[in-house]
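According to our numbering, numbering within the first sequence proceeds without interruption in unit steps and concludes at 162.
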Amino acid sequence: MAKRYWLMKTEPTTFSFEDLMKAPKRTTSWEGVRNYQARNLMRDEIKKGDSVLFYHSNTEIPSIVGIAEIVREAYPDPFALDAKSPYYDETLNKGRENPWVMVDLKAIARFNTPISRDDLKAQKSLSEMMVLRKGSRLSVQPVLDSEFKIIHSMSDLTSL
DNA sequence: GCCAACGTTGGC
DNA sequence: GCCAACGTTGGC
Numbered sequence: 003m004a005k006r007y008w009l010m011k012t013e014p015t016t017f018s019f020e021d022l023m024k025a026p027k028r029t030t031s032w033e034g035v036r037n038y039q040a041r042n043l044m045r046d047e048i049k050k051g052d053s054v055l056f057y058h059s060n061t062e063i064p065s066i067v068g069i070a071e072i073v074r075e076a077y078p079d080p081f082a083l084d085a086k087s088p089y090y091d092e093t094l095n096k097g098r099e100n101p102w103v104m105v106d107l108k109a110i111a112r113f114n115t116p117i118s119r120d121d122l123k124a125q126k127s128l129s130e131m132m133v134l135r136k137g138s139r140l141s142v143q144p145v146l147d148s149e150f151k152i153i154h155s156m157s158d159l160t161s162l
């Protein structure tokens with residue numbers, strides 16, 4: 003099965019690439035996705051070994067800041083059942099099966115210079131990227147091989 | 001802080 | 001099933 007590419011968004015005030023690099027084994031679980039389209043991608047499409055562009059959203063300069071890798075495929079997100087978690091899903095309290103899943107992600111490379119949204123927009127060959135579309139809110143997005151390669155070649159990265 | 005775009009909810 | 005109201009996302 004061919005390796006695939008994804009873009010995952012996070013607000014750096016919630017969980018940043020720095021946080022991922024500092025995590026044990028530079029690995030974290032990607033909990034808290036509460037959108038069915040994104041859930042379906044994680045559950046059905048995202049495979050171990052796939053690469054992830056790590057995107058910082060809702061910040062001063064929205065940017066891709068590094069590359070991560072899927073190290074564990076989808077499994078149930080326990081935070082959905084934890085009343086103390088900000089990701090608690092209170093609609094599950096009647097015994098409805100927990101529909102939410104998460105994957106595990108490992109930091110692979112850090113961009114010494116983040117590639118900003120403006121940088122991406124300046125590339126004609128990236129004009130179809132989902133993340134650049136106005137109103138694009140999906141927090142887990144597919145990325146074409148060609149798009150990943152271009153971004154990789156634009157980057158100045160340090161392997162971790 | 002503003003607000004457009006989007007997903008979800010719930011009345012009918 | 002329709003769709004208005006609402007809450008959230010996220011660029012600007």
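Glycine included, every Cβ here is placed at the ideal spot set by N, Cα and C.
Taking the beta strand (DSSP E) that residue i belongs to, which residues open and close that run?
| i | result |
| --- | --- |
| Q143 | 142–145 |
| S59 | From DSSP, S59 is part of no beta strand (DSSP E); its letter is neither H nor E. |
| S161 | 159–161 |
How is residue i classed by DSSP in three states: helix, strand or coil?
| i | result |
| --- | --- |
| E75 | strand |
| I48 | coil |
So, at 6 Å on beta carbons, what are the nonlocal neighbours of residue i in its own chain, with the 5 sequence-adjacent residues on each side left out?
| i | result |
| --- | --- |
| M23 | A109 |
| K50 | I72, E75 |
| F150 | Y7 |
| H154 | none |
In chain order, what residues of the same chain lie with their CB nearer than 8 Å to the CB of residue i, ignoring the 5 residues before and after it?
| i | result |
| --- | --- |
| L159 | G68, I69, A111, R112, F113, N114 |
| E13 | H58, S59, N60, T61 |
| P116 | H58, I63, S65, I66, V67 |
Quick one: what's got a C-beta closer than 7 Å to residue i's C-beta in the same chain, skipping five residues either side?
| i | result |
| --- | --- |
| D1 | Since the first residue of the chain shown is 3 and the last is 162, residue 1 is not available in this structure. |
| M3 | K49 |
| V105 | W32, M44, I48, I72, R74, E75, A76 |
| I152 | Q125, S127, L128 |
What are the start and end residues of each continuous alpha helix (DSSP H) run of 4 or more residues lying completely inside the segment 5–45, in chain order? Here the runs fully enclosed are 19–24, 38–42.
Which residue spans inside the segment 79–140 form an unbroken alpha helix (DSSP H) run of at least 4? 119–123, all fully within the segment 79–140.
Cβ contact check for the segment 26–40 and the segment 115–127: 3 or more pairs under 8 Å: Counting C-beta pairs closer than 8 Å gives fewer than three between the segment 26–40 and the segment 115–127, which falls short of the contact rule.
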